[in-house]
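Just add 6 to the spot in the sequence shown (first one is 1) and you have my numbering.
Think of the CB as a built atom: it goes at the ideal place given N, C-alpha and C, for glycine as much as any other residue.
Notes to accompany the following structure.
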Amino acid sequence: MKLKALFMIYLVISITFTVYLLPVTAEDDGKACCEQTLSGESCVYTSSSQCDDSYKVANYQKCEDTSFCKLGCCISPDGSCSKQTSQAACENAGYTWNPDATCDSVKECNKGCCVLAGASCAYVTEKKCNNILLDYPELSKDFRQSKSEQECSDICRQADRGCCVKSANEECVWTSRATCNMQDGIGGEGFYEGLFCSNNNLPCEQCKAHSYKGCLDGTDDVYWFDSCGNPEGVAEDCDYAKGTLCGQTQDGDYVCKSLDCPTTWDNPVVEGDGGRRINGESWCEFDGAIGPSLDLPGSRHYRHICINGEEIVEPCKDFREEVCLQSDVYETLNTGIKETAEGKISATAQNYLFSEAACKENRWKDCTTICNTAKDKTSPEDIALAMKLDKECCERSDLRDCFWAGDENSGTCIPQHPPGFRFWNPQKQTKSATTQTASDQTCSTATKKCTTVFTKMIYTNWKWSCVKEGNCECFSNDYIKEQNNYCRSIGDCGAHYNYIGGFSKEGFLRSWDHSYQGWDIIFDRGKSFQSSYYNRQSEEPKMQVDQTMAGAFEEVWHKANKELYLSNLNAEDVYKDKKIAQAITKGIGITVQLTGLILKAIGTSAASSAASWVSGIGALVTLYIVLTEIVFRKYQKRTVTTECKLWQPPPGSDNCAKCDEDPMSPCSEYKCMSLGAGCKFIKENEGTSRPKCIAADPNDVNKPIITPWNEAFKLTYQGKDITTDYSIVEKQNGYLIGSKKLPAFSKLYFGIQTNEPSMCKLDKELKYTFNDLSLRFNESYFDKVHNYYIGNLQPATDYKFYVICKDANGNPKDDKRSPPYVIEFSTDRAPDLEPPRLISSSIPDMGYVAANANETSLTLVVDEVSPFSCRASTQDMPFDQMPLNMTCAEMPPDSIYSKYAECQVKLPVRDGLNTYYFRCRDEPENSQVRNENSESYIWRASKAEPLIITALSPSGTIYSSNITLQVKTAKGALNGKSICYYNNIEFFNTNSTYHTQVLSGLTKQQYDYIIECRDIANNVARENLSFTVDIDTEPPEITGLSYTGALLEVMLNEDASCSYSTNNEDYSQLPTSQIVSINVDPLTEKIYLTCKDVHDNEMSSTIFLRTQLQPPV
């Protein structure tokens, strides 16, 4: 054996050795894996003669089997990764090699999307992205997660534009790839880059090419548009840089229009405007005259600008918190040589180029306060110094916008542009709170008191007359004009016109009082007796400025002189230039210069006249005068007061609507309230084209009258306008839409009209106050027309909308009850667009059929009552190809399932899983409106194993009248789960694999039962169950007695539970036994014994213990 083993080992070694000594075939002759070939290639399996001997060579081995040419992941320094790269090739190139040939586990090789400004995308590693960005230092790094190169490429393709075809909506839209959110199309729906939707190769027949021209947002040119509204191509090449841009002509055509404005608004109250303006040019517009004392209540400054051929209005801040300044730009042209006294010089001319305008803050506040201190001084020296400082303060144009009315010795500082005040609500500031809170106190700085002297003597026929040097001019009309002009230079004060010429005198009043004087005035006036007196009678004590005194509106305040708002002149030039001063003086409408006007208004001449009262009079003359005055003359001082108060608008509300008439002069609350005391501004309509200024009648208690707005009614269904098929029927307090029911899922537009601007709300529930209504019409402003839109009207629905409108005067009140206006309409049933729907089956899907069944009856419930049919097949196929017809019938009409039908069919079944497909189609006789299932209802059932009964009890003889029937089942459809019956009576505990039924009170006899169990597959298992009840019905019997000493023993014929008593009342329990032992007292005469066996058979007996005693007969 040992010898044999050695031989076998030798043989194996020999065979192994022999294998390696086999001759090489011609195919592998001289082949080797070269780490590098003579030509410089790495890891090539070729003839060994091609290998570079300075590198590794593996003869007769393929490169993938060598260690030095093993494939892996090669990582370049720039972050690029190459899969399936040999180690030698990678390392020879100076790269890093990793043994994971897929590169999946190499963190450095995780790729993402390197996005360059959204225009170029590369699916590279993050390190590679960093290296790419080195060439674009101006770009920020944008490296995003991306799962594939296609996903990365799609990022940069999102901005591609083309036709997006959505066949589900039959929609073709020119848009971006990102918005389309669909893959590239190949004939059907999808995104078609660069193709117009009118392309004949696209399924967009509804989009006809070159339907009309128009402008495309974000471009300069005129474009063609198809009939679907999609841009197609450039129709006219416009060039913004050369001054043209796509625009619409007055005829409605779209052309390359000049960016300039060929005509601009010719404002009737501003001279020198209108005409052509170049693109970007801006200029000032006004509501009337501007300048010191000239800006009108309600007026505003505006900046107009020409942008892309359109004149745009930019209102400066209201209340003249901002004023418009304009600068004209000229170029100087050389017109040749001209002779002068100094010789020949070049002649030039100014050529107007364009204007620039801007709204600037109106810095008026300091003018009447810190720059007006001289009026509070008393001494001539203090007055002179204060006057000098006031003038310097007033002329600081770098700090404030004021005008010095006067010269160096006398004058006053007033605003260059009088500010606007809230004359209707003096306690409320303007929006930006830059305008001072207006009140009578604001205007009262221009209130003036003038003291005059009157005399009465024989020379005046004993009538009061003003002394010539006693300030008699304070009673003149000129004085009233002067004082009113000064008053309104403060702001919206005094008697003035509004911006449309409505005059109001309520802001200015002259009044006077008088009193007799004593000796002081007599001596005082005696010094100037040589002066004559005015024979002027006093006028009425109270007097207002009438329209004649204020000056004509058309001549004075209606026109704005262009020279008054040229900002290319500085403030110093404006105030010194005689032409401008004359223009201001002319605008104020008096014959004296503005300086003299204001000086008179503030009373400088009156103050200086006091000095003229004193002159050198001789003592004799003085004594004579005194005696004469005592005997003959009377004197009286009268104080004339001119009150400057807030300007008040004219009475009434006839002109309120004029606020909205001119779009170039937008209506504002300030403008509206200046038009009349009865005007009201509708805040909710501000910034819209709707009425903003209405008549506010305080006695108006009428709510708006509501009527149908027939023009708003529109009904569309399935993309078609069907409005003309329906009508509006007015009712007593509302209207009904439609002479018939509206189609379900249609779109409805309806509305109402009101007889005055109103705000309206509505609700689907009946409510009686405006506040309680929860829905608004399509507006949140006051208007005379109100519309509402409902999309996809619900089927078979009665709609009612309850509407309440309130006017701008608050009628009806928000919380007061008001009967609503009712809009009604109804919709019909929804169109039958759905096929019959199979909702349940008598045998549930994935159920079971009986083990012995070759076919099964199946009932399907279908939610369809109109004519329909259903079919079945073992394969999923169209309805028409299914071979098995089903019998369908409606449920009984009184059934709770009356809205359903059921279909029955007998289906062949085989072992294993049976699969059937069902489809239904309604209206089988009408091919035009048929709806059939596009997907099959799938029903599957398996043939179950037979159901068996594995155990039954009881059996044999039972010595009890109470037993429990017990049955165990197995196999079948659900591993034995079934319902069992005994003699066709269902077990009490069943529907499982263990079934029980308690039987009580059985009598002594044999019992036979048929046990039947049935599972859900209708498998039935039957067995017979028999048992006998043998019941003991006899009570225990005494078979013997033994009485020895004190122990009584009673022998019974069976075990029993006994109790005894000596008085037949108090019983003592004894252990269960067949021999009953009782300890008896010797004096006891008898024992009462009761015994019961296990079957509750009971016996009672009396045992007498004294033999001399006889039991009763």
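{"Check": "Endpoints, the alpha helix (DSSP H) within which residue 448 is located", "Outcome": "446-449"}
{"Check": "Terminal residues of the alpha helix (DSSP H) in which residue 928 lies", "Outcome": "Not the alpha helix (DSSP H): residue 928 falls in the beta strand (DSSP E), residues 919-928."}
{"Check": "Close Cβ partners of residue 527 (< 6 Å) along its chain, the five nearest in sequence each way excluded", "Outcome": "Low local confidence applies: a pLDDT of 37 at residue 527 is under 50, so the model's placement there is unreliable, with the coordinate-based value given in what follows. Excluding residues within five positions, the ones whose Cβ falls inside 6 Å are 641."}
{"Check": "Coil, strand or helix - residue 726 by DSSP", "Outcome": "strand"}
{"Check": "Secondary structure of residue 578, DSSP reduced to three states", "Outcome": "Reliability fails at residue 578, whose pLDDT of 34 lies under 50, so the model's placement of it is uncertain and the value that follows must be treated cautiously. Here residue 578 sits in helix by DSSP."}
{"Check": "Those residues which DSSP pairs with residue 334 across a bridge", "Outcome": "361"}
{"Check": "Residue from 267, 365, 235, 243 whose Cα sits closest to the Cα of residue 290", "Outcome": "365"}
{"Check": "Unbroken alpha helix (DSSP H) run spanning residue 96, endpoints", "Outcome": "93-98"}
{"Check": "Buried/exposed call for residue 94, threshold 16 Cβ in 10 Å", "Outcome": "buried"}
{"Check": "Cross-strand partners of residue 862 (DSSP beta bridge)", "Outcome": "913"}
{"Check": "With 16 other Cβ atoms within 10 Å as the buried cut-off, status of residue 541", "Outcome": "Residue placement at residue 541 is poorly supported in this model, since its pLDDT is 34, which falls under 50; the coordinates still yield a value, given next. Burial call: exposed."}
{"Check": "Cβ-based neighbour list, residue 744, same chain, cut-off 6 Å, excluding 5 preceding and 5 following", "Outcome": "732, 831"}
{"Check": "Host beta strand (DSSP E) of residue 1057 (start-end)", "Outcome": "1053-1067"}
{"Check": "CB contact flag (residue 210, residue 227, <8 Å)", "Outcome": "no"}
{"Check": "Opposing strand residues paired with residue 455 [DSSP bridges]", "Outcome": "647"}
{"Check": "Contact under 8 Å by Cβ, residue 114 with residue 131", "Outcome": "yes"}
{"Check": "Rounded separation between residue 1102 and residue 956 - CA only", "Outcome": "35 Å"}
{"Check": "Length-filtered (4 minimum) alpha helix (DSSP H) runs lying within the segment 136-174", "Outcome": "155-162"}
{"Check": "Straight-line gap, residue 986 to residue 1073 (C-alpha atoms, nearest Å)", "Outcome": "49 Å"}
{"Check": "Range of the contiguous alpha helix (DSSP H) that encloses residue 679", "Outcome": "675-680"}
{"Check": "Element boundaries [alpha helix (DSSP H), containing residue 386]", "Outcome": "386-400"}
{"Check": "Residue 369 beta carbon less than 8 Å from that of residue 424", "Outcome": "no"}
{"Check": "Proximal residues to residue 245 (C-beta, below 6 Å), its chain only, five neighbours per side dropped", "Outcome": "none"}
{"Check": "Element boundaries [beta strand (DSSP E), containing residue 488]", "Outcome": "No beta strand (DSSP E) holds residue 488; the alpha helix (DSSP H) holding it covers 483-494."}
{"Check": "Classification of residue 6 by the beta-carbon crowding that lies within 10 angstroms, buried from 16 upward", "Outcome": "Shown here, the chain extends from 7 to 1119; a query on residue 6 therefore has no answer."}
{"Check": "Length of the line joining the Cα atoms of residue 1026 and residue 1016", "Outcome": "12 Å"}
{"Check": "Own chain residues within Cβ distance below 6 Å of residue 311, not counting five before or after", "Outcome": "288, 318"}
{"Check": "Alpha helix (DSSP H) runs contained entirely in the segment 201-282, provided each spans 4 or more residues", "Outcome": "none"}
{"Check": "Residue 1028: first and last residue of the uninterrupted beta strand (DSSP E) it sits in", "Outcome": "1026-1035"}
{"Check": "Distance, residue 412 Cα to residue 583 Cα", "Outcome": "Residue placement at residue 583 is flagged as unreliable, the pLDDT there being 32, under the threshold of 50; a coordinate-derived value is accordingly withheld."}
{"Check": "Nearest residue (CA-CA) to residue 790, options 709, 802, 454", "Outcome": "709"}
{"Check": "Residue burial classification, residue 1051 (beta-carbon count within 10 angstroms, cutoff 16)", "Outcome": "exposed"}
{"Check": "The segment 1003-1018 touching the segment 1055-1062, judged by at least three CB pairs closer than 8 Å", "Outcome": "no"}
{"Check": "Residue 229 and residue 241 closer than 8 Å at C-beta", "Outcome": "yes"}
{"Check": "Alpha helix (DSSP H) segment containing residue 1184, residue limits", "Outcome": "Because residue 1184 is not part of the residues shown, which for the chain are 7 to 1119, the question remains open."}
{"Check": "Endpoints, beta strand (DSSP E) assigned at residue 1019", "Outcome": "1011-1020"}
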